[in-house]
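Worksheet for the structure shown next.
Chains as they are written, first to last, in the numbering used here: chain A, 1 to 149; chain B, 1 to 149; chain C, 1 to 149.
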């Protein structure tokens with residue numbers, strides 16, 4: 001294995017990062033299942049194959065899945081970048097793991113709250129809590145970069 | 001060149017990853033061309049410059065391009081992360097290249113099937129085939145991380 | 001700090017990359033503020049908490065924020081990949097910094113032009129200018145990969 005993988009903090013980051021990517025894949029699968037169950041397809045060619053053009057339509061449950069997925073793209077992708085760089089700045093393992101675990105747990109809660117339409121502000125709180133370690137890591141990276149420059 | 005680039009698997013990954021990013025740029029350009037040809041602009045300021053506010057409207061072909069682009073963001077971005085990490089876990093070059101090539105070919109087919117509205121389930125099959133190497137790499141990463149921990 | 005961070009070009013890239021991620025976070029915060037001010041919520045559960053289901057509705061200003069955010073996802077995320085790889089190909093620091101600075105400045109202008117609805121084609125020009133260093137880096141990476149292969 002390459003040098004990076006031998007870094008314990010990076011390994012910990014990779015573990016949570018990959019799990020979050022798999023979580024996003026799961027939302028894509030759920031979206032597809034909801035489309036089939038509710039018979040609501042974004043493309044006429046899909047509708048034609050599944051009963052007719054009348055099923056080329058929007059559906060509230062499908063849109064909810066899509067918003068959950070989109071919010072993941074807005075937040076988990078930046079984490080994959082910020083977390084990787086942060087892992088290279090030499091943080092204490094326990095501190096780094098705390099950052100990753102808080103983000104991971106909050107984003108899982110965010111998905112659950114979104115898909116099940118839990119009462120507000122559960123989902124928004126999960127979003128805010130997940131942003132805290134991200135902003136913390138971003139600032140620590142900027143400090144590390146400034147210290148080196 | 002840095003150490004990572006000297007890794008043959010990583011070099012192979014970078015080759016396909018960069019081509020896929022260029023493919024996404026191409027879809028953005030196509031979307032813009034379709035907007036101009038169909039006169040359908042998402043912003044009133046763009047419509048004003050191109051004939052008047054009546055062209056601030058949606059268009060089925062533009063929306064199709066946007067869905068193709070969005071699906072790329074849902075799938076190619078995770079590949080750029082998963083593939084980079086996987087390259088660092090020491091896979092056999094031939095096995096790794098197979099993963100990258102299958103993903104690349106399936107995602108190119110996905111774009112073609114989307115933009116040309118090929119008969120279902122061509123596009124969906126391309127999506128599923130592209131996911132196979134991604135899930136395979138994700139699982140191999142988790143095994144590698146577990147082996148190290 | 002790990003080896004990568006000791007690379008001056010990579011450090012420069014990280015600086016601009018992290019600032020751009022923070023810029024994206026800012027757009028998310030602005031979107032949320034506009035939703036509250038215009039009382040336009042994407043989810044019924046949010047509307048219920050903020051005055052009633054009649055506020056589960058779309059709003060032109062909110063959609064503008066969302067388009068700005070989505071365009072960032074289409075362009076800044078690829079930069080985070082392309083820029084990182086490019087930093088590992090051994091470019092001159094001054095040349096690399098120019099690539100990063102042009103992208104950074106153009107994307108900040110893009111956000112300002114989008115959110116303030118500046119007259120066309122300000123926003124489109126910013127988009128095109130930002131793409132130039134990205135395509136330049138992508139081609140340089142392909143040349144570097146080919147040279148190694």
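Cβ coordinates follow ideal geometry from the N, Cα and C atoms, glycine included.
How about residue i: is its C-beta nearer than 7 angstroms to some C-beta of chain A?
| i | result |
| --- | --- |
| residue 96/C | no |
| residue 145/B | yes |
| residue 14/C | yes |
| residue 8/B | no |
| residue 87/C | no |
So which residues on chain A does residue i lean against when the C-beta distance must stay under 9 angstroms?
| i | result |
| --- | --- |
| residue 81/B | 17, 18, 21, 77, 80, 81, 84 |
Please confirm whether residue i has its beta-carbon closer than 7 angstroms to some beta-carbon of chain B.
| i | result |
| --- | --- |
| residue 73/A | yes |
Identify the contact partners of residue i in chain B, using a Cβ-Cβ distance below 7 angstroms as the criterion.
| i | result |
| --- | --- |
| residue 119/C | 45 |
| residue 28/A | 74 |
For a contact defined as C-beta to C-beta under 8 angstroms, what are the partners of residue i on chain A?
| i | result |
| --- | --- |
| residue 67/B | 42, 43 |
Which residues in chain A sit within 7 angstroms of residue i, going by Cβ to Cβ distance?
| i | result |
| --- | --- |
| residue 36/C | Under the 7 angstroms cutoff, chain A gives no residues; its nearest Cβ is about 11 angstroms from residue 36/C. |
When we look at the beta-carbon of residue i and count the other beta-carbons within 10 Å, is it buried (16 or more) or exposed?
| i | result |
| --- | --- |
| residue 151/C | Absent from the structure is residue 151/C, since the part of chain C shown begins at 1 and ends at 149. |
| residue 141/C | buried |
| residue 1/C | At residue 1/C, the pLDDT of 44 sits below 50, so the modelled position is not reliable and the matter cannot be decided from this model. |
| residue 128/B | exposed |
| residue 113/C | buried |
| residue 115/B | buried |
| residue 80/B | buried |
| residue 58/A | exposed |
| residue 18/A | buried |
| residue 9/B | buried |
| residue 20/A | buried |
| residue 96/A | buried |
| residue 55/C | buried |
| residue 92/B | exposed |
Show which residues of chain E have a CB atom less than 9 angstroms away from the CB atom of residue i.
| i | result |
| --- | --- |
| residue 48/A | The chain labelled as chain E is not found among the protein chains of the depicted structure, namely A, B and C. |
Please list, in chain order, the chain C residues whose beta carbon lies closer than 7 angstroms to that of residue i.
| i | result |
| --- | --- |
| residue 24/B | 78 |
Would you kindly check if the distance between the Cβ of residue j and the Cβ of residue i is under 7 angstroms?
| i | j | result |
| --- | --- | --- |
| residue 39/A | residue 61/A | no |
| residue 87/C | residue 13/C | yes |
| residue 89/A | residue 146/A | no |
| residue 138/B | residue 111/B | no |
| residue 106/A | residue 84/A | no |
| residue 31/C | residue 65/C | yes |
In chain B, what lies closer than 8 angstroms to residue i by C-beta?
| i | result |
| --- | --- |
| residue 141/C | 14, 18 |
| residue 131/C | 25 |
Is there a Cβ of chain C sitting closer than 7 angstroms to that of residue i, yes or no?
| i | result |
| --- | --- |
| residue 138/A | yes |
| residue 1/B | Model confidence at residue 1/B stands at a pLDDT of 44, short of 50, so the residue's coordinates are unreliable; what they give is reported in the following sentence. Chain C, which has a Cβ nearer than 7 angstroms to the Cβ of residue 1/B, makes this yes. |
Exercise for review: May I ask you to verify whether the segment 14-28 of chain B touches the segment 27-47 of chain C, counting CB pairs closer than 8 angstroms and requiring at least 3?
Suggested key: no
Check your understanding: Given 8 angstroms as the limit, is there contact between the segment 92-110 of chain C and the segment 118-138 of chain C, that is, 3 or more CB pairs closer than that?
Key -> yes
Exercise for review: Could you tell me whether the segment 44-64 of chain C touches the segment 118-129 of chain A, where touching means 3 or more Cβ pairs closer than 8 angstroms?
Suggested key: Enough Cβ pairs lie closer than 8 angstroms, so yes.
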